[in-house]
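Asks:
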Amino acid sequence: MTTKLHLACCLGVLVPCLSLVSFYDVAASPVEAGSLPRVRLNAESIGPRRIEQKTGEMVARDYAQAWQDLADSLEANRTDLLNDHFAGGAKERLTQRISEQKKNGLRTRYVDHGHQVKAVFYSPDGGEMQLQDQAQIELQVFGGQKMIYTASTTSKYLVLMTPGADRWYVRSLETVPDDAF
Amino acid sequence: MPKVILTVPFSLMLLALPALGQSALRAPSSVSAGSSFSIATSGTGTAMLYLLGPSHVVKRAIELGQDLPIAGSDVVASGWYQAVACESGGCTSTTFQVLPSSPARLRFLVHPSRVPVSAPDAINATALVFDRFENTVLERTNVEFHFFSAAGSAFDRSVPTVRGIAWLQIGSTSKQGPLRVVASVGEAAEARIIQQVASEACGLRIQAISGPRTVKLQTDPVRDCGGNPLPDGTVVSFTKIDDAGRSTVDTPIRKGVASAQFAVSGRARISVACGVVLGNEISVNGERR
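This is the structure in structure tokens:
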């Protein structure tokens, strides 16, 4: 798409170029979310409903914020930090994980090196959006002050987000096999 | 670096940690959610085992050199798990993957809850397929959608899931009444009801009974093009234009018809409308005031 755009612009084909730019903005939705974990959202192949640019920006921002909350809650062993961006099964699982690692004297640090996110499903009624996330994460597990495990991973996540009154919530966050997508 | 990523499962690179002398953990590369299995250990002495999963953390003392039974209840959430064994000399670890088990649950969403009859592609049905532990089933699975209309007709659609989701879009049927939609996978089934309501009015007509200075108006039974009566409460607008000017009365349908009464002065034209549909227009003559 980008190559086509450049080619069209270089040829000075103004009108087709402008229409392509407009299409690209809506379809590809490349969004960088502020100072939060780096989330790059590509909605080029989303369906069956197309995504609005604003919606893409909100999803990217809320997903990034969710990862920030996840990292903070797992490191501080605070389940209350999950309230703002998690719901349903994702929240229940993380709450249980935090409660149990706290009980066992553990904490987990996520050093987040960014997410390549592809939006793949957006239900016709706008009530569900499925994302594929390839995340670069450094995982450190501490028992007290001692690091007992560390690994640098490229993990793949299948994510289900649903809209709330003023934000998108992560409802499901599952690591999936490397060959899942 | 690419070679490391390719050869290490889960694209995972363990960083250096003080390791146990001769001990090691060995787990199967993958297990099914909820299934018990064993982690083999080597070495001697005791250690502390940590099993770290997406929703569960286990800590227990173990004897190295023995197989460690892991209960199915410790691996119900699908995803990557880390097993870490630590003793005073350091820690050693292994990772394994828990995969979703077979489809057992559905989350079923149907939109909208009310829909006009004969509307193409107006109904969206989305089914999300999970195993009994609420893990998304990634393997392609056929979801059967069954539709039962109030008129007695029934039809089915089979839709394969993609990444755990099956969805379809269909039109509403021609007769009003509840449309029952059932999604099923294996033993799991979820039902939803959509209320199909009459569409826009069709062939809207009024009759008039004229008096000297008034005219009483009543519609024929208001129905859509499929013969479905529009529900009581639907607003019908009567508009009169005569010497006195323009006047409109909005009145709800009661018992299938709408009625109104106007005072008329001289020759008057009266029309009727319901929603976006215009009905017939009639002329009446009233006494001039």
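Residue numbers (our numbering), protein chains in the order written: chain V, 1 to 181; chain Y, 182 to 470. Where a beta carbon is used, it is the ideal one built from N, C-alpha and C, also for glycine. Keep in mind the model is a prediction, meaning the values are calculated, not measured.
#1: Whole alpha helix (DSSP H) runs in the segment 83-143 of chain V with 4 or more residues, listed along the chain?
#2: Given that a residue counts as buried once 16 or more other Cβ atoms are within 10 Å of its Cβ, and exposed if not, what is threonine 2 of chain V?
#3: Please say whether alanine 444 of chain Y and arginine 394 of chain Y have beta carbons closer to each other than 7 angstroms?
#4: Distance cutoff 7 angstroms, beta carbons only. Does valine 238 of chain Y sit that close to anything in chain V?
#5: Under 7 angstroms, CB to CB, which of the residues in the segment 70-100 of chain V have a partner in chain Y?
#6: Is any heavy atom in the ligand SAM found nearer than 6 angstroms to the beta carbon of glutamine 350 of chain Y?
#7: Mind checking which residues open and close the alpha helix (DSSP H) that includes valine 59 of chain V?
#8: Where does threonine 275 of chain Y fall in DSSP's three states?
#9: Just the chain Y side, please: which residues come within less than 7 angstroms of aspartate 62 of chain V by C-beta, in chain order?
#10: Kindly list the residues whose CB is nearer than 6 angstroms to the CB of aspartate 248 of chain Y, restricted to its own chain and excluding five residues on each side of it in sequence; keep chain order.
#11: DSSP three-state label for cysteine 17 of chain V, please.
#12: Tell me the DSSP secondary structure of aspartate 401 of chain Y in three-state form.
#13: With a threshold of 6 angstroms on Cβ separation, who are the neighbours of serine 216 of chain Y within its own chain once the five nearest residues in sequence on each side are excluded?
#14: Out of Y/Pro433, Y/Asp423, Y/Ala439, which has the shortest C-alpha to C-alpha gap to glutamate 468 of chain Y?
#15: Identify every residue that forms a DSSP beta bridge with lysine 146 of chain V.
#16: Using beta-carbon positions only, say whether isoleucine 46 of chain V and tyrosine 157 of chain V come within less than 7 angstroms of one another.
#17: CB-CB under 6 angstroms to arginine 167 of chain V, same chain, minus the five flanking residues each way: which ones, in chain order?
#18: Taking valine 465 of chain Y as the reference, give the member of Y/Gly408, Y/Ser391, Y/Asp431 with the closest Cα.
#19: So, with DSSP's three-state summary, where would you put alanine 300 of chain Y?
#20: Should asparagine 83 of chain V be labelled buried (16 or more other beta-carbon atoms within 10 Å of its own) or exposed?
#21: To which residues does DSSP link aspartate 423 of chain Y through a beta bridge?
#22: State yes or no: is the beta carbon of valine 212 of chain Y nearer than 7 angstroms to at least one beta carbon in chain V?
#23: Can a CB atom of chain Y be found closer than 7 angstroms to the CB of alanine 180 of chain V?
#24: Since lysine 526 of chain Y sits in a beta bridge, which residues does DSSP pair it with?
#25: Considering glycine 260 of chain Y, what are the terminal residues of the beta strand (DSSP E) in which it resides?
#26: Near alanine 300 of chain Y, which residues of its chain fall below 8 angstroms by C-beta distance, leaving aside the five closest residues on each side in sequence?
#27: Secondary structure at serine 172 of chain V, three-state DSSP: helix, strand or coil?
#28: Can we say the segment 96-110 of chain V touches the segment 141-153 of chain V, given the rule of at least three CB pairs closer than 8 angstroms?
#29: When the cut-off is 7 angstroms and only beta carbons count, does arginine 109 of chain V lie next to chain Y?
#30: Looking only at its chain, what residues have a beta carbon closer than 7 angstroms to the beta carbon of aspartate 178 of chain V, apart from the 5 residues adjacent to it on each side?
#31: Within the continuous beta strand (DSSP E) that includes leucine 290 of chain Y, where are the two ends?
#32: What do you get for serine 172 of chain V, buried or exposed, if any count of 16 or more other CB atoms within 10 angstroms of its CB means buried?
#33: Below 7 angstroms on C-beta distance, what does threonine 317 of chain Y contact in chain V?
#34: Is alanine 71 of chain V near leucine 36 of chain V, with beta carbons less than 7 angstroms apart?
#35: Between which two residues does the beta strand (DSSP E) holding leucine 349 of chain Y run?
#36: Below 7 angstroms on C-beta distance, what does valine 324 of chain Y contact in chain V?
Replies: On the basis of the coordinates in this document:
#1: The segment 83-143 of chain V contains these whole alpha helix (DSSP H) runs: 88-103.
#2: By 1-based counting over the first sequence, the position of residue 2 of chain V is 2. Caution applies to threonine 2 of chain V, whose pLDDT of 40 falls short of 50 and renders its modelled position unreliable; the model cannot decide the point.
#3: Taking the first residue of the second sequence as 1, we reach residue 394 of chain Y at position 213. Taking the first residue of the second sequence as 1, we reach residue 444 of chain Y at position 263. A contact, by the Cβ cut-off of 7 angstroms.
#4: The residue you call residue 238 of chain Y lines up with position 57 of the second sequence. True, the Cβ-Cβ gap to chain V drops below 7 angstroms.
#5: Gly89, Arg93, Gln96, Arg97, Glu100
#6: With respect to the ligand SAM, the structure shown offers nothing to examine, as it has no ligands at all.
#7: Walking along the first sequence from the start, residue 59 of chain V turns up at place 59. Residues 53-76.
#8: Against the second sequence, residue 275 of chain Y aligns to sequence position 94. In the structure shown, threonine 275 of chain Y sits in a strand (DSSP, three-state: E or B).
#9: Locating residue 62 of chain V in the first sequence gives position 62, where the first residue counts as 1. Residues of chain Y passing the Cβ test: none, with the nearest at roughly 20 angstroms.
#10: Sequence index remark: in the second sequence, residue 248 of chain Y carries index 67 (1-based). Only Ser219, Ala221 meet the Cβ criterion.
#11: Start at 1 with the first residue of the first sequence, and residue 17 of chain V comes out as number 17. Residue placement at cysteine 17 of chain V is poorly supported in this model, since its pLDDT is 34, which falls under 50; the coordinates still yield a value, given next. Correct three-state label for cysteine 17 of chain V: helix.
#12: Indexing the second sequence from 1 puts residue 401 of chain Y at position 220. Reduced to three states, the DSSP call for aspartate 401 of chain Y is coil.
#13: Within the second sequence, numbered from 1, the residue matching residue 216 of chain Y stands at position 35. Closer than 6 angstroms at the Cβ level, and outside the excluded window around serine 216 of chain Y, lie Gly253.
#14: Residue mapping note: residue 468 of chain Y aligns to position 287 of the second sequence, counting from 1. Looking at the Cα atoms, Y/Asp423 is the closest of the given residues.
#15: Indexing the first sequence from 1 puts residue 146 of chain V at position 146. Answer is V/Gly143, bridged to lysine 146 of chain V.
#16: Position 46 of the first sequence, counting from 1, holds the residue named residue 46 of chain V. Position 157 of the first sequence, counting from 1, holds the residue named residue 157 of chain V. For isoleucine 46 of chain V and tyrosine 157 of chain V, no; Cβs fall outside 7 angstroms.
#17: Position 167 of the first sequence, counted from the first residue, corresponds to residue 167 of chain V. Taken in chain order, the residues that qualify are Asp62.
#18: Taking the second sequence and counting its residues from 1, the one referred to as residue 465 of chain Y is at position 284. Measuring C-alpha to C-alpha distances from valine 465 of chain Y to each of Y/Gly408, Y/Ser391, Y/Asp431 identifies Y/Ser391 as the nearest.
#19: Numbered from its first residue, the second sequence carries residue 300 of chain Y at position 119. DSSP places alanine 300 of chain Y in coil when its eight states are reduced to three.
#20: Residue numbering aside, residue 83 of chain V sits at position 83 when the first sequence is read from its first letter. Counting Cβ neighbours within 10 Å, asparagine 83 of chain V comes out exposed, since fewer than 16 surround it.
#21: Locating residue 423 of chain Y in the second sequence gives position 242, counting from the first residue. When beta bridges are read from the DSSP output, aspartate 423 of chain Y appears opposite Y/Gly426.
#22: Residue numbering aside, residue 212 of chain Y sits at position 31 when the second sequence is read from its first letter. No, its Cβ sits nowhere closer than 7 angstroms to a Cβ of chain V.
#23: Stepping through the first sequence from its first residue, residue 180 of chain V is reached at position 180. With 7 angstroms as the cut-off, alanine 180 of chain V counts as an interface residue toward chain Y.
#24: Since the first residue of chain Y shown is 182 and the last is 470, residue 526 of chain Y is not available in this structure.
#25: Start at 1 with the first residue of the second sequence, and residue 260 of chain Y comes out as number 79. Start and end: 260-268.
#26: Position 119 of the second sequence, counted from the start, is the residue given in the question as residue 300 of chain Y. Here the set comprises Gly352, Ser353, Ser380.
#27: The sequence position of residue 172 of chain V within the first sequence is 172, counting from 1. Strand.
#28: yes
#29: The residue you call residue 109 of chain V lines up with position 109 of the first sequence. Not closer than 7 angstroms to any Cβ of chain Y, the Cβ of arginine 109 of chain V fails to qualify, so no.
#30: Position 178 of the first sequence, counted from the start, is the residue given in the question as residue 178 of chain V. Result list for aspartate 178 of chain V: Lys156, in chain order.
#31: To locate residue 290 of chain Y, count along the second sequence from 1; it is residue 109. That run of the beta strand (DSSP E) goes 286-292.
#32: The residue given as residue 172 of chain V occupies position 172 in the first sequence. With 16 or more Cβ atoms within 10 Å of its Cβ, serine 172 of chain V is classed as buried.
#33: The residue labelled residue 317 of chain Y in the question sits at position 136 within the second sequence. Within chain V, the residues near threonine 317 of chain Y are Leu158, Ser172, Glu174.
#34: Counting from 1 along the first sequence, the entry for residue 71 of chain V is found at position 71. Counting from 1 along the first sequence, the entry for residue 36 of chain V is found at position 36. In this structure, leucine 36 of chain V does not lie closer than 7 angstroms to alanine 71 of chain V by Cβ.
#35: Locating residue 349 of chain Y in the second sequence gives position 168, counting from the first residue. Counting along the chain, the beta strand (DSSP E) containing leucine 349 of chain Y begins and ends at 346-351.
#36: Walking along the second sequence from the start, residue 324 of chain Y turns up at place 143. Those do not exist, as valine 324 of chain Y stays about 14 angstroms from chain V at its closest Cβ, beyond 7 angstroms.
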